[in-house]
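**Q** Residue numbers (UniProt numbering), protein chains in the order written: chain A, 1 to 133; chain B, 1 to 133.
Attaching a single structure in structure tokens format; questions to follow.
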DNA sequence: CCGTATCCTTAGCGATACTG
DNA sequence: CAGTATCGCTAAGGATACGG
């Protein structure tokens, strides 16, 4: 029995590792698309704009490995493969959407902060430069 | 006036960009530590195990740029710099914790799925190999 | 104490070409 | 259609050394 009330390093590692999946370039977008219902490979490829065939494959494999999507092969000709969110995948989608909502709600504030920071940085630079002038 | 009810690509980009901050290797850990209260540079360095000085600097700069933390310099000798979560940073922390809780709650299921997937992959391999034998 | 600058290694990703 | 294989680039990150 593992003591779940104390904060073991192992937990941090695992959490970080799982978080990094959310942070990678494509996983979230794929999961969001699959949230609309099962999709075929090339269907996803069209929906997730900009993704390469290679990265779609790798992303789907990763999600499948973690038990977030299922992969169903219909041995027809031409072949047809359906990807679909598992219950686990659905629950992740919900949590991730919360983060997405946060991002949308605070997007303006963040962008404003960035502009302020960048301008301040520039003017610090400019100060030195104009001291010389 | 931007139509906020339709799903413009720009929004996706911004959301993805902000999500990538959560996914990067150190930001979340730093934010979590700062959730305990203001911290000094080397204090954070000790708390966030494994982070290099360089990456702590870069991470803090990024967070500061996005308006998630404030940086306060006390021009004493030796110098002292305090980092502290802004309101925006606190609200991010809350949302991120939800994701962290999800990760903890589903960690066993994910790890189990991974083992299954990996073993299945191996046995597919093994099938070919033992066919030859 | 709090950084910055430099070098170097790896991991992520895209482009392209090929296969069942 | 749904992939795999290979190559090459670039961005992220670690180690180390130096500076205010």
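For each residue, glycine too, the CB sits at the ideal point set by N, CA and C.
Is the Cβ-Cβ distance between residue 97 of chain A and residue 66 of chain A less than 8 Å?
**A** no
**Q** If we define contact as Cβ-Cβ less than 8 Å, is residue 132 of chain A a contact residue for chain B?
**A** The predicted position of residue 132 of chain A is uncertain, since its pLDDT is 44 and thus under 50; no value can be drawn from it.
**Q** Mind checking whether residue 69 of chain A and residue 86 of chain A have CB atoms under 8 Å apart?
**A** yes
**Q** What residue from A:15, A:63, A:14 has the CA that sits closest to residue 32 of chain A's CA?
**A** A:63
**Q** In this structure, does DSSP put residue 3 of chain A in helix, strand or coil?
**A** Residue placement at residue 3 of chain A is poorly supported in this model, since its pLDDT is 45, which falls under 50; the coordinates still yield a value, given next. Coil, per DSSP.
**Q** Quick one: what's residue 72 of chain A bridged to in DSSP?
**A** A:82
**Q** Determine the extent of the alpha helix (DSSP H) in which residue 64 of chain B is found, giving its start and end residues.
**A** 53-65
**Q** As a quick exercise: from A:78, A:84, A:91, A:77, pick the residue whose alpha carbon is nearest that of residue 60 of chain A.
**A** Of all alpha-carbon atoms in A:78, A:84, A:91, A:77, the one lying nearest the alpha-carbon of residue 60 of chain A is that of A:84.
**Q** So, for residue 130 of chain A: in the same chain, excluding its five sequence neighbours on each side, which residues have a beta-carbon less than 6 Å away from its beta-carbon?
**A** For residue 130 of chain A, the predicted model reports a pLDDT of 48, less than 50, meaning its position is unreliable and no value from the coordinates is stated.
**Q** Could one say the Cβ of residue 23 of chain B lies closer than 8 Å to chain A's Cβ atoms, at least one of them?
**A** yes
**Q** Using only the heavy atoms of the ligand HEM, determine whether one of them is closer than 7 Å to the beta carbon of residue 27 of chain B.
**A** You won't find the ligand HEM in this model; it holds no ligand whatsoever.
**Q** Can you pull the chain B residues whose beta carbon is under 8 Å from the beta carbon of residue 93 of chain A, in chain order?
**A** By Cβ distance, chain B contributes nothing, its closest Cβ being about 11 Å from residue 93 of chain A, past 8 Å.
**Q** Check whether the region 97-116 of chain B and the region 10-19 of chain A are in contact - that is, three or more C-beta pairs closer than 8 Å.
**A** The answer is yes - the region 10-19 of chain A touches the region 97-116 of chain B, with three or more Cβ pairs under 8 Å.
**Q** Would residue 30 of chain B be called buried (16 or more neighbouring beta carbons within 10 Å of its own) or exposed?
**A** buried
**Q** Between residue 19 of chain B and chain A, is any beta-carbon pair separated by less than 8 Å?
**A** Yes, residue 19 of chain B lies at the interface with chain A (some Cβ there is under 8 Å from its Cβ).
**Q** For residue 109 of chain A, which residues in chain B fall below 7 Å Cβ to Cβ?
**A** 67, 88
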